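The opening residue of the sequence shown carries number 69 in my numbering; numbering runs sequentially from there.
Glycine is no exception: its CB is placed at the ideal position from the N, C-alpha and C atoms.
Keep in mind it's a predicted model, so treat the numbers as computed, not measured.
Before any comments, here is the structure.
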Amino acid sequence: MNPYQLNAYGMALRAVGEIIQDYDSDKMFPALGFGAKLPPDGRISHEFALNGNPQNPYCNGIDGVMEAYYMSLKSVQLYGPTNFAPVINHVARYAASIKDGSQYFVLLIVTDGVISDMAQAKESIVNAAKLPMSIIIVGVGPAEFDAMEELDGDEVRVSSRGVYAERDIVQFVPFRDYIDRTGNHILSMARLARDVLAEIPDQFLSYMRVRGIKPSPAPPPYTPPNHVVQTQI
Numbered sequence: 069m070n071p072y073q074l075n076a077y078g079m080a081l082r083a084v085g086e087i088i089q090d091y092d093s094d095k096m097f098p099a100l101g102f103g104a105k106l107p108p109d110g111r112i113s114h115e116f117a118l119n120g121n122p123q124n125p126y127c128n129g130i131d132g133v134m135e136a137y138y139m140s141l142k143s144v145q146l147y148g149p150t151n152f153a154p155v156i157n158h159v160a161r162y163a164a165s166i167k168d169g170s171q172y173f174v175l176l177i178v179t180d181g182v183i184s185d186m187a188q189a190k191e192s193i194v195n196a197a198k199l200p201m202s203i204i205i206v207g208v209g210p211a212e213f214d215a216m217e218e219l220d221g222d223e224v225r226v227s228s229r230g231v232y233a234e235r236d237i238v239q240f241v242p243f244r245d246y247i248d249r250t251g252n253h254i255l256s257m258a259r260l261a262r263d264v265l266a267e268i269p270d271q272f273l274s275y276m277r278v279r280g281i282k283p284s285p286a287p288p289p290y291t292p293p294n295h296v297v298q299t300q301i
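See the structure below:
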C-alpha cells in the first residue's frame with residue numbers, strides 16, 4: 069500500500085478531524101496508534117506516538133496528524149490484538165488532572181470494529197465517565213459493529229463489574245453510512261459533522277452539572293491603553 073494514498077482510515081481521520089479541530093484553541097493534538105509492532109525490535113504496542121516521539125506526541129493540526137499517520141505506516145507493522153483500554157486510559161490520566169472544568173477532553177478512535185479487550189475497555193469507559201472527557205469512535209469498513217454499538221451505550225449504559233457508567237460518554241459513528249459506493253467521496257459533510265458532534269454538548273454539560281461547575285464570568289471589555297472613559301451626568 070502506498071503510505072500516502074488516502075485509505076479508509078485516513079479518509080475518516082481527516083474528515084472527522086477537520087470537524088472537531090476547531091474546538092481546540094491551539095490545535096495541537098496528541099496522536100496515538102495501537103495494535104502494531106514497533107521498530108527496531110518488533111515490540112507490540114497498544115499505545116505509541118504516531119510521530120515517533122513518546123515525550124512529545126503532539127501534532128500541529130489535522131495536517132500534522134495526517135503526516136504522522138502516514139509516516140508511521142512506513143515504519144510500523146500493523147499487528148493484533150486490538151486493545152482500546154490503553155489509549156482510553158492514556159487520555160483519562162490527563163483528564164483526571166483537571167478538576168475545575170477549565171478543560172474537556174475528546175478522544176477520537178478510528179477502528180475497523182474488531183476489539184480484543186472488551187471487558188477492559190468497558191472498565192476504562194466506566195472510570196472515564198467520572199472525568200471531563202468524551203470518546204468518539206468512528207467505524208471504518210464493512211464489518212459488523214455490534215461491539216461498538218455496545219460501547220456507545222445509547223440503549224444500555226456501559227457497565228463493568230456490576231458498576232454502571234455515571235453518564236454516557238461514547239458516540240459511535242459508522243463511517244460507511246456517509247460515503248458513496250466507491251468509498252472515495254463523502255456524501256454529506258454536514259450530516260457527518262452533525263452526527264459526530266450529536267452527543268458531545270450534552271455529555272459536556274452533564275459532567276459540569278454533576279460536578280457543580282458553573283461557567284466562568286466573562287472577562288471585562290477591553291479598554292485600549294491611554295483611552296479615557298468619560299461619563300457625563
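From GLY230 to GLY103, what does the alpha carbon distance come to, in whole angstroms?
The residue given as residue 230 occupies position 162 in the sequence shown. The residue given as residue 103 occupies position 35 in the sequence shown. Distance between the alpha carbons of GLY230 and GLY103: 29 angstroms.
Closer than 6 angstroms by C-beta to GLU191: which residues in its own chain qualify, once you throw out the five before and the five after it? Chain order, please.
Translated into positions along the sequence shown, residue 191 becomes position 123. Excluding its 5 nearest sequence neighbours in each direction, GLU191 has C-beta neighbours in its own chain below 6 angstroms: SER228, listed in chain order.
Taking SER184 and GLY148 to be in contact with their CB atoms under 8 angstroms, please state how far apart those CB atoms are, rounded to whole angstroms.
Translated into the one-based positions of the sequence shown, residue 184 becomes position 116. Translated into the one-based positions of the sequence shown, residue 148 becomes position 80. At roughly 7 angstroms, the Cβ-Cβ gap stays under 8 angstroms, so SER184 and GLY148 are in contact.
Please classify GLY78 as buried or exposed, where buried requires at least 16 neighbouring CB atoms within 10 angstroms.
Residue mapping note: residue 78 aligns to position 10 of the sequence shown, counting from 1. Burial call: buried.
Using the C-alpha atoms, what's the distance from PHE173 back to ARG279?
Here residue 279 refers to the residue found at position 211 of the sequence shown. Here residue 173 refers to the residue found at position 105 of the sequence shown. Taking the straight line from one Cα to the other gives about 16 angstroms.
Every unbroken beta strand (DSSP E) inside the stretch 221–249 [3 residues or more]
Considered as a whole, the stretch 221–249 harbours 238–242 as its complete beta strand (DSSP E) runs of no fewer than 3 residues, in chain order.
Through-space distance from GLY129 to PRO289, alpha-carbon basis
Residue 289 sits at position 221 when you count from the first residue of the sequence shown. Residue 129 sits at position 61 when you count from the first residue of the sequence shown. When rounded, the distance between both Cα atoms is 30 angstroms.
Closer than 8 angstroms is the cut-off here; do at least three beta carbon pairs connect the stretch 186–204 with the stretch 147–165?
Touching, per the Cβ criterion.
When you compare each of ILE247, HIS158 and ALA117 to VAL206 by their alpha carbons, which one comes out closest?
Looking up residue 206 in the sequence shown gives position 138. Residue ILE247 is the option with its Cα nearest to VAL206.
Roughly how many angstroms separate the alpha carbons of PRO71 and SER143, rounded to a whole number?
Numbered from its first residue, the sequence shown carries residue 71 at position 3. Numbered from its first residue, the sequence shown carries residue 143 at position 75. In this prediction, PRO71 has a pLDDT of 42, which is less than 50 and means its spatial position is unreliable; what the coordinates show is noted afterwards. If I take the Cα positions, the gap works out to 10 angstroms.
Taking all protein chains shown into account, decide if TYR137 is buried (16 or more other Cβ within 10 angstroms of its Cβ) or exposed.
For the purposes of this step, residue 137 is taken as the residue at position 69 of the sequence shown. Looking at its Cβ environment, which holds 16 or more other Cβ atoms inside 10 Å, TYR137 is buried.
How big is the Cα-Cα spacing for SER256 and LEU141?
For the purposes of this step, residue 256 is identified with residue 188 of the sequence shown, where counting begins at 1. For the purposes of this step, residue 141 is identified with residue 73 of the sequence shown, where counting begins at 1. Those two C-alpha atoms are separated by around 28 angstroms.
Residues bridged to TYR126 (per DSSP):
Mapped onto the sequence shown, residue 126 falls at position 58. Partner(s): PRO98.
When you compare only the Cα positions, how much space is there between GLY101 and ALA215?
Locating residue 101 in the sequence shown gives position 33, where the first residue counts as 1. Locating residue 215 in the sequence shown gives position 147, where the first residue counts as 1. Each residue's alpha carbon lies about 20 angstroms from the other.
Report yes if the C-beta distance between ASP222 and ASP236 is below 9 angstroms; otherwise report no.
Against the sequence shown, residue 222 aligns to sequence position 154. Against the sequence shown, residue 236 aligns to sequence position 168. For ASP222 and ASP236, yes; Cβs fall inside 9 angstroms.
Inter-residue spacing [alpha-carbon to alpha-carbon] between MET69 and LEU146
In the sequence shown, counting from the first residue as 1, residue 69 sits at position 1. In the sequence shown, counting from the first residue as 1, residue 146 sits at position 78. Below a pLDDT of 50, predicted positions are generally treated as unreliable, and MET69, at 36, falls in that range; the measurement from the model is reported next regardless. So the alpha carbons of these two residues sit roughly 12 angstroms apart.
With distance defined between alpha-carbon atoms, name the residue in GLN239, GLY132 and VAL178 nearest to ASP270.
Your numbering for residue 270 matches position 202 in the sequence shown. Comparing Cα-Cα distances from ASP270 to each of GLN239, GLY132 and VAL178, the minimum goes to GLN239.
By how many angstroms is the C-alpha of LYS95 removed from the C-alpha of TYR275?
For the purposes of this step, residue 275 is taken as the residue at position 207 of the sequence shown. For the purposes of this step, residue 95 is taken as the residue at position 27 of the sequence shown. Taking the straight line from one Cα to the other gives about 23 angstroms.
Secondary structure at LEU219, three-state DSSP: helix, strand or coil?
The residue given as residue 219 occupies position 151 in the sequence shown. Looking at LEU219 - three-state DSSP - the assignment turns out to be helix.
Tell me which residue opens and which closes the alpha helix (DSSP H) that SER44 is part of.
This structure leaves residue 44 out entirely; the chain is present only between 69 and 301.
What is the DSSP secondary structure of SER192, counted as helix, strand or coil?
Taking the sequence shown and counting its residues from 1, one reaches residue 192 at position 124. Helix at SER192.
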